[in-house]
Each structure stands twice: as structure tokens, then as C-alpha cells.
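In this note's numbering, the protein residues as written are 190 to 317.
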């Protein structure tokens, strides 16, 4: 994990609290996403794009907390671009359906990124 993207101050406390519960939230979002995929059967690009956009949202959030606004802007533009490319083939569906499984997939990508970051930091501490 890039040390320059470590949040500081009050934001660091909030991030640490969110990180502690990330496993439980990831499990809930995973179940929700699996149910949405089973019910609505989106195409694979929508699934991949939604998870990838969630990961980009995570990096945007981390960069914003670390006051790296240029990096945050790039990640935000990337998240929006990937999300729009992913949702375009699914526009024939009603908006509530798109929001339901789109947000589930975004959450899946966001919390997967949080957990992966936590694993890397834990491994780095163990090696030191």
C-alpha cells in the first residue's frame, strides 16, 4: 500500500473503524450481489465493471483523505467511465433494478479493496 495514501487525523480513525467491520460488510454485500446476479442475470461486463468501479471509488476515497486531489480526480473519472461503460448494455432494464445490483457490485468492489489493503498492510507488518 502506498504510504502517501495513508489517511491522517480524524479521517484515519473513521477509516480504521470502517476497516474493522469490512469483513462482515463484505460478506453481506457478497450475499446481496449474488442474489441480484441470480435474480436479474446481468452480463459479465456489468459484473466486472461494477466491481472494478467500486475499486476505483476506494482509491478515490483514499486519495481524497490523504489530500492527493489530483489522484482522487483521476480515480473518480476512472470510476465514472468504467461504471458508464458497464451499465450501457443494461439500459433496457428498469432504473430500480439497475440501482439495486449496480450498488451491490460497487459495494463488493469497494469492500474487497478494503480487505485486500488490510491484508497487504498486515503482511507488511509481519515482515518488518
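By construction, the Cβ of each residue, glycine as well, lies at the ideal position given by its N, Cα and C atoms.
Predicted model, so just to flag it, every value in this text is computed and none were measured.
By the 10 Å Cβ neighbour count, where 16 or more other Cβ atoms means buried, how is residue i classified, buried or exposed?
i	result
residue 246	buried
residue 268	buried
residue 243	buried
residue 296	buried
residue 303	buried
Does the distance from the C-beta atom of residue i to that of residue j stay below 8 Å?
i	j	result
residue 214	residue 298	no
residue 278	residue 312	no
residue 238	residue 205	no
residue 270	residue 249	no
residue 294	residue 236	yes
Span of the alpha helix (DSSP H) holding residue i?
i	result
residue 280	No alpha helix (DSSP H) holds residue 280; DSSP gives it neither H nor E.
residue 230	Looking at the DSSP string, residue 230 is not in any alpha helix (DSSP H), and its letter there is neither H nor E.
May I have the straight-line CA-CA distance separating residue i from residue j, to the nearest angstrom?
i	j	result
residue 209	residue 276	31 Å
residue 282	residue 308	37 Å
residue 222	residue 234	15 Å
residue 284	residue 255	34 Å
residue 218	residue 290	10 Å
residue 261	residue 224	32 Å
residue 212	residue 300	8 Å
residue 287	residue 316	43 Å
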